[in-house]
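Working notes, beginning with the structure itself.
Residue numbers (my numbering), protein chains in the order written: chain X, 1 to 113; chain E, 1 to 115.
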């Protein structure tokens, strides 16, 4: 089955800095990669996603890049704000034709004002 | 507007006393999932329904069962809760059809405490 590794587990930055979270996956057949943000005590919510036929996608301060050859994808947040503080989960879907996502372990992002 | 609704938000039960958590959706999605999430960990899939077809994860304890009486509702039954079952339980839904990307919509969760 698919295996997703996510790093770092904790990321602490100053407001205004950039933050990068990286994930690797094991199955080259995976073709859809969502990122979820979960604030403390709240539900995970999709913030950005990318399909395997695209190398990069951007939405305002958030971007995701995908390197299919290396089997890794990254979340980039620029000009971080305190409200970006949350746990971020990456996921990979499509391995073996499965629609079930495999989640990474999560990254706790702390943005200091 | 909440599209995936979980009730109750907080549930306290006694060791060994059966408990049922509920989830409803207004999205008419064909797939519904139940996840267990413990502090600072990724959601762990317990099982899911693809339409009426039930799919159990291999490592889901027998203590956990689920029912989906119709498209909109799904229930998680914990027959004999143990202290280790205290966690946040998340319900999610998605529309799976062909090559459509599988975006999951999560409910707010039910936090279960076992005394």
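Ideal placement from N, C-alpha and C gives every residue a C-beta, glycine not left out.
Exposed or buried, residue i, counting other C-beta atoms within 10 Å across all chains shown (16 or more means buried)?
| i | result |
| --- | --- |
| residue 55 of chain E | exposed |
| residue 15 of chain E | exposed |
| residue 101 of chain X | buried |
| residue 109 of chain X | buried |
| residue 8 of chain X | exposed |
| residue 81 of chain E | buried |
In chain E, what lies closer than 7 Å to residue i by C-beta?
| i | result |
| --- | --- |
| residue 46 of chain X | 103 |
| residue 89 of chain X | 42 |
Name the chain X residues whose beta carbon is nearer than 8 Å to that of residue i?
| i | result |
| --- | --- |
| residue 90 of chain E | 43 and 44 |
| residue 45 of chain E | 100 |
Quick one: list the residues of chain E neighbouring residue i, beta-carbon separation under 9 Å, in chain order.
| i | result |
| --- | --- |
| residue 93 of chain X | 101 and 102 |
| residue 49 of chain X | 101 and 103 |
Whole angstroms is fine: what's the gap from residue i's alpha carbon to residue j's?
| i | j | result |
| --- | --- | --- |
| residue 88 of chain X | residue 81 of chain X | 15 Å |
| residue 112 of chain X | residue 98 of chain E | 43 Å |
| residue 72 of chain E | residue 24 of chain E | 5 Å |
| residue 65 of chain X | residue 17 of chain E | 47 Å |
| residue 44 of chain X | residue 37 of chain E | 11 Å |
| residue 87 of chain E | residue 112 of chain E | 5 Å |
| residue 21 of chain X | residue 76 of chain X | 7 Å |
| residue 94 of chain E | residue 34 of chain E | 12 Å |
| residue 34 of chain X | residue 85 of chain E | 28 Å |
| residue 39 of chain E | residue 40 of chain X | 10 Å |
| residue 11 of chain E | residue 92 of chain X | 32 Å |
| residue 94 of chain X | residue 29 of chain X | 6 Å |
Would you list the residues sitting across from residue i in a DSSP beta bridge?
| i | result |
| --- | --- |
| residue 20 of chain E | E/77 |
| residue 71 of chain X | None; residue 71 of chain X has no bridge partner. |
| residue 57 of chain X | X/64 |
| residue 88 of chain E | E/37 and E/111 |
| residue 27 of chain E | Paired residue(s): none; residue 27 of chain E is not in a bridge. |
| residue 111 of chain X | X/13 |
Can you name the residues of chain E whose CB is closer than 8 Å to the CB of residue i?
| i | result |
| --- | --- |
| residue 106 of chain X | 40, 41 and 42 |
Run through chain X and tell me which residues come within less than 7 Å of residue i, C-beta to C-beta.
| i | result |
| --- | --- |
| residue 19 of chain E | None at all; the shortest Cβ gap to chain X is about 20 Å. |
| residue 109 of chain E | 43 |
Which residues in chain C have a C-beta closer than 7 Å to the C-beta of residue i? List them in chain order.
| i | result |
| --- | --- |
| residue 34 of chain X | Here the protein chains are X and E, and chain C is not one of them. |
So which residues of chain X does residue i contact, with C-beta pairs closer than 9 Å?
| i | result |
| --- | --- |
| residue 87 of chain E | The contacting residues do not exist; residue 87 of chain E stays about 13 Å from chain X at best. |
Notebook entry, point to check: In chain order, which continuous runs of the beta strand (DSSP E) of length 3 or greater are located wholly inside the segment 39-76 of chain E?
Noted result: 44-50, 53-56 and 64-67
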